[in-house]
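Novice: Handing you this structure, nothing more for now.
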Amino acid sequence: MAEINVEKKNKNPIWPWILGILIIGGVVWWVLAEDEKPLTAYDAPEAGQFEEGVASGGYAAAETEEVNTAAVVRDYVEFVEERFEGADFNLNHSYTSEGILKLQNALAVLAREKTDLGTEIRDEMEALEAYAQEIQTNPDELRHAELMQLAFVRAVNIMQRIQEEGDAVYVNKVMEEADDINGEVPALEQKPAIKEFFVAASEAVERMSEDVGS
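What follows is the structure, encoded as structure tokens:
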């Protein structure tokens, strides 16, 4: 009887392929899950905790009679005029941070003249100060635009609380410029919009100071 030899085929193991497919599938799932995550709401940093060398407390200083309203407003206006061209937008966004603090000081002295510094205005002032400091110290470049937008909106809120007849046109312009800031686009890509906000705010506080004695 003839002997039949059955040749066994050498099959390559398939488990490496299965493992590879599982790994690739896991990576794709992770990327899609990250894209679908909702944006985390940002809480304002605590006011009052600031690094040495950063101007602060404008709203508190405004309660003293020693503060010259016209001089403080002019300080902000001149800052915008001098720094508008070739502003130094470095990684810490020192221009924006300093501008917010000077605007805060101007709004504080105007608020003192036009109304009392009630709790709501104080809260807005402290938030402005906190955002300015956070812009300077937060290493997350993508967070800066969001912080700037939040600070600009706070400034508009203060203006709306203290505006008088004839100020509305200027304040509305500031509000429009604040709305133009996109919190999801890097701040360095929005230099023109940021500068335009400060210019509009400068015109608004200058207008508000016209009827205020120094």
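According to full-length UniProt numbering, the sequence shown holds residues 1 to 214 in order. Positions of the beta carbon are idealized from the N, C-alpha and C atoms, including for glycine. No experiment lies behind these values; they were computed from the predicted model shown.
1. Output needed for aspartate 211: all residues of its chain with C-beta closer than 8 Å, excluding positions within five of it in sequence on either side, in chain order.
2. If we call anything under 8 Å between Cβ atoms a contact, is alanine 127 one with isoleucine 162?
3. Could you compute how far the alpha carbon of glutamate 206 sits from the alpha carbon of asparagine 68?
4. Using 8 Å as the threshold, is the C-beta distance between isoleucine 181 and alanine 145 below it?
5. Exposed or buried, what is leucine 142 when buried is set at 16 or more other beta-carbons lying within 10 Å of its beta-carbon?
6. Where does aspartate 167 fall in DSSP's three states?
7. Give the C-beta separation of alanine 178 and phenylalanine 197 to the nearest angstrom, bearing in mind that I take them to be a contact with Cβ-Cβ under 8 Å.
8. Quick one: grab the DSSP three-state call for valine 73.
9. Measuring straight from C-alpha to C-alpha, what distance separates leucine 91 and aspartate 123?
10. Taking DSSP as the reference, what is the three-state secondary structure of asparagine 157?
Specialist: Short version:
1. Numbered from its first residue, the sequence shown carries residue 211 at position 211. Once the five neighbours on either side are set aside, the close Cβ partners of aspartate 211 are Glu164.
2. Within the sequence shown, the letter at position 127 stands for residue 127. Within the sequence shown, the letter at position 162 stands for residue 162. Cβ atoms of alanine 127 and isoleucine 162: not closer than 8 Å.
3. To locate residue 206, count along the sequence shown from 1; it is residue 206. To locate residue 68, count along the sequence shown from 1; it is residue 68. Cα atoms of glutamate 206 and asparagine 68: separation of roughly 14 Å, rounded to the nearest angstrom.
4. Numbered from its first residue, the sequence shown carries residue 181 at position 181. Numbered from its first residue, the sequence shown carries residue 145 at position 145. Yes. Within cutoff.
5. Within the sequence shown, numbered from 1, the residue matching residue 142 stands at position 142. Its Cβ having fewer than 16 others within 10 Å, leucine 142 is exposed.
6. As a position in the sequence shown, residue 167 is number 167, starting the count at 1. Aspartate 167 falls in the coil class under three-state DSSP.
7. Working through the sequence shown from its first residue, we reach residue 178 at position 178. Working through the sequence shown from its first residue, we reach residue 197 at position 197. Rounded, the Cβ-Cβ distance is 6 Å, consistent with contact.
8. By 1-based counting over the sequence shown, the position of residue 73 is 73. Looking at valine 73 - three-state DSSP - the assignment turns out to be helix.
9. Position 91 of the sequence shown, counted from the first residue, corresponds to residue 91. Position 123 of the sequence shown, counted from the first residue, corresponds to residue 123. Unreliable placement is indicated for leucine 91, whose pLDDT of 48 sits below 50; the coordinate value is still reported in the next sentence. Taking the straight line from one Cα to the other gives about 28 Å.
10. Counting from one through the sequence shown, the residue named residue 157 turns up at place 157. Three-state result, asparagine 157: helix.
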